[in-house]
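Here our numbering is used: the first residue of the sequence shown is 81, the next is one more, and so on. Okay, structure first, notes after.
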Amino acid sequence: MGLLDLRCAALFVGCALARGAGARPPLSPLPPSRPRPSRTAPSGPSRCGMPRPLPVAPWRPRRRPAAGSAPALLLLLAGGGGGAAAGSQEPVAPLERIPCSRDAPDLGFAAMCAWLEDTCKAKGTSRVHVASFPHGGAPVRGLGVSSDVAKGDHVFCIPKACWLNEDVLPDPFDDGPGTHCTSNERMALWLANEVKKGPESFYSPYFPVLPTEEAYRRFHPAYLEGFQLDESVDLWKMWLGRLHLCHGGRESPTWAEVKLTYVWLLTRQFGGVGMTPLADMPNTAPEPELNVQQILNHGGDFCLKALRDLPAGTELLVDYGAPHHSPTLMFLIYGFALEREHHNVTVPSAEEYASAEYMLSPRDGCAGLRPPEFQLPPDAGPPLQNLARFAARHCRAPLDEL
Ligand SMILES: *[C@@H]1O[C@H](CO)[C@@H](O)[C@H](O)[C@H]1NC(C)=O
Numbered sequence: 081m082g083l084l085d086l087r088c089a090a091l092f093v094g095c096a097l098a099r100g101a102g103a104r105p106p107l108s109p110l111p112p113s114r115p116r117p118s119r120t121a122p123s124g125p126s127r128c129g130m131p132r133p134l135p136v137a138p139w140r141p142r143r144r145p146a147a148g149s150a151p152a153l154l155l156l157l158a159g160g161g162g163g164a165a166a167g168s169q170e171p172v173a174p175l176e177r178i179p180c181s182r183d184a185p186d187l188g189f190a191a192m193c194a195w196l197e198d199t200c201k202a203k204g205t206s207r208v209h210v211a212s213f214p215h216g217g218a219p220v221r222g223l224g225v226s227s228d229v230a231k232g233d234h235v236f237c238i239p240k241a242c243w244l245n246e247d248v249l250p251d252p253f254d255d256g257p258g259t260h261c262t263s264n265e266r267m268a269l270w271l272a273n274e275v276k277k278g279p280e281s282f283y284s285p286y287f288p289v290l291p292t293e294e295a296y297r298r299f300h301p302a303y304l305e306g307f308q309l310d311e312s313v314d315l316w317k318m319w320l321g322r323l324h325l326c327h328g329g330r331e332s333p334t335w336a337e338v339k340l341t342y343v344w345l346l347t348r349q350f351g352g353v354g355m356t357p358l359a360d361m362p363n364t365a366p367e368p369e370l371n372v373q374q375i376l377n378h379g380g381d382f383c384l385k386a387l388r389d390l391p392a393g394t395e396l397l398v399d400y401g402a403p404h405h406s407p408t409l410m411f412l413i414y415g416f417a418l419e420r421e422h423h424n425v426t427v428p429s430a431e432e433y434a435s436a437e438y439m440l441s442p443r444d445g446c447a448g449l450r451p452p453e454f455q456l457p458p459d460a461g462p463p464l465q466n467l468a469r470f471a472a473r474h475c476r477a478p479l480d481e482l
């Protein structure tokens, strides 16, 4: 086990926020997730934490106008996108396949796919499409393969040129006067500025396919308002509190803009790689159903590799780190959780707690969310309703049953 692995293990167990001004530099508040390391490519991006992309409406669809008609902005989907399972957002309307090509009927997706091919020199992107796939009996938007892919093949690969991580920040990056930002916070500031640049930004074709604040407000715990979570599980309060210090009330980018890019980062970046277009679109599922693995190929490109034969039409399912997360941690990060048996429900030892910067154990993960103390207020907004659905599934057992 190398140094990096140790650090990752500590991060995971520690699940990280500075306990105090110790000798340790403040850890970046990256949510812990550590999918099984790749067997074929131990140096792949799964070496460290691999926060998985969020399985939610990843872009604002713009339907290609029919010839002769005025360009129109139409919402292709009614709902807020779908999650893979329990506590997820509303299901989407069934969706026709949208191929990843410059001719895709969705203008934003078409532009991104063209950019991936022309500018990023990505390979294999035309082998995938967006469509709705059944999860828990409801259609959920995800990424599928359009032609057969053999076990061991790379479905697609995205070169470093189009990854978004700290390496692309100007050096030195000016946090602003008097601020001390962590790496994710600095990234969030920079990213918010990139988004504001519009077409001037190199990454502009990526941004329109990412979730909007409006989409997150339909389900995500980062946008839970009007409800006080128990301190012990209020990770977003902690994360956003720190981000707030980094932001320092500056006029531009605004707080709302930085919060959005920060939520992107915490829910979509890959350990050691960063945010990666297209690779951040597949959904997840219980571990035995995962059918692609994130690896770096010999050229250092970030690829999804087929773990088994994938017949045309198969949905790509990637690891979001569920087996290492308690249900509550999974829910807080992504806005959904799988069934309990697919998460880590081992109560940490006293030692693990002691060495942890912060921790969510399955024991305290339901603090304040069990009946009868948890009551849904009548005017609950969508993120709170989503939380209530999660609590109804995961937080019914009395404490001593956990
Ligand atoms: C599950 O959690 C326990 C307690 O924190 C930890 O010791 C163990 O390594 C975790 N297992 C996995 C697979 O992450």
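The C-beta atom is built at its ideal place from N, Cα and C for all residues, glycine as well.
Check, Outcome
"Whole angstroms is fine: what's the gap from P76's alpha carbon to N377's?", "Not covered by the structure: residue 76. The range shown for the chain is 81 to 482."
"Assign R388 to one of two classes, buried (16 or more other C-beta atoms within 10 Å of its C-beta) or exposed (fewer than that).", "exposed"
"Do P179 and V220 have their C-beta atoms closer together than 9 Å?", "no"
"So what does DSSP say about S435, is it helix, strand or coil?", "helix"
"Excluding the 5 residues preceding and the 5 following A230 in the sequence, name in chain order all residues of the same chain whose CB lies nearer than 7 Å to its CB.", "A386 and D389"
"Considering only residues of the same chain and omitting the five flanking positions on each side of S212, which have a CB-CB separation below 6 Å?", "V172, P174, L175, P219 and R221"
"What is the DSSP secondary structure of L107, counted as helix, strand or coil?", "Low confidence applies to L107: its pLDDT is 30, below 50, so where it sits in the model is not reliable, and the reading given next is rough at best. It is coil, neither helix nor strand."
"Would you tell me roughly how many angstroms separate the C-alpha atoms of F236 and L456, rounded to the nearest one?", "44 Å"
"Output needed for R182: all residues of its chain with C-beta closer than 7 Å, excluding positions within five of it in sequence on either side, in chain order.", "A190, C193 and A194"
"Within its chain, find whatever has a CB closer than 7 Å to the CB of E274; leave out the 5 residues flanking it on each side and keep chain order.", "S281 and Y283"
"Give the secondary structure of D198 by DSSP, where H, G and I count as helix, E and B as strand, and everything else as coil.", "helix"
"Assuming P301 contacts L412 under a Cβ cut-off of 8 Å, what Cβ separation, rounded to an integer in Å, is found between them?", "5 Å"
"Is D444 helix, strand or coil when you go by DSSP?", "coil"
"When you compare the CB positions of H215 and A417, do they come within less than 9 Å of one another, or not?", "no"
"Is any heavy atom of ligand 1 found at a distance shorter than 8 Å from the C-beta of P368?", "no"
"Would the C-beta of E432 count as close to ligand 1, meaning under 8 Å from any of its heavy atoms?", "yes"
"Which of the three DSSP states, helix, strand or coil, is assigned to C261?", "coil"
"For T426, verify whether its CB is less than 8 Å away from any heavy atom of ligand 1.", "yes"
"Around the C-beta of T199, are 16 or more other C-beta atoms found within 10 angstroms, so that it is buried, or is it exposed?", "exposed"
"Flag H404 as yes when its Cβ comes closer than 8 Å to any non-hydrogen atom of ligand 1, and as no otherwise.", "yes"
"Candidates E395, A471, W243 and L346: which alpha carbon is nearest C446's?", "A471"
"How about S312: is its Cβ closer than 8 Å to a heavy atom in ligand 1?", "no"
"Measure from the alpha carbon of D247 to the alpha carbon of each residue in L315, P285 and G354, then state which is nearest.", "G354"
"Measuring CA to CA, which of L440, H422, E421 and H423 is closest to A430?", "L440"
"Tell me the rounded alpha-carbon separation between V427 and R443.", "6 Å"
"Given A202, which residues of its chain have a CB within under 6 Å of its CB, disregarding the five upstream and five downstream residues?", "L196 and I238"
"Quick check: what's the CA-CA separation for D399 versus E367?", "7 Å"
"Please say whether G352 and L464 have beta carbons closer to each other than 9 Å?", "no"
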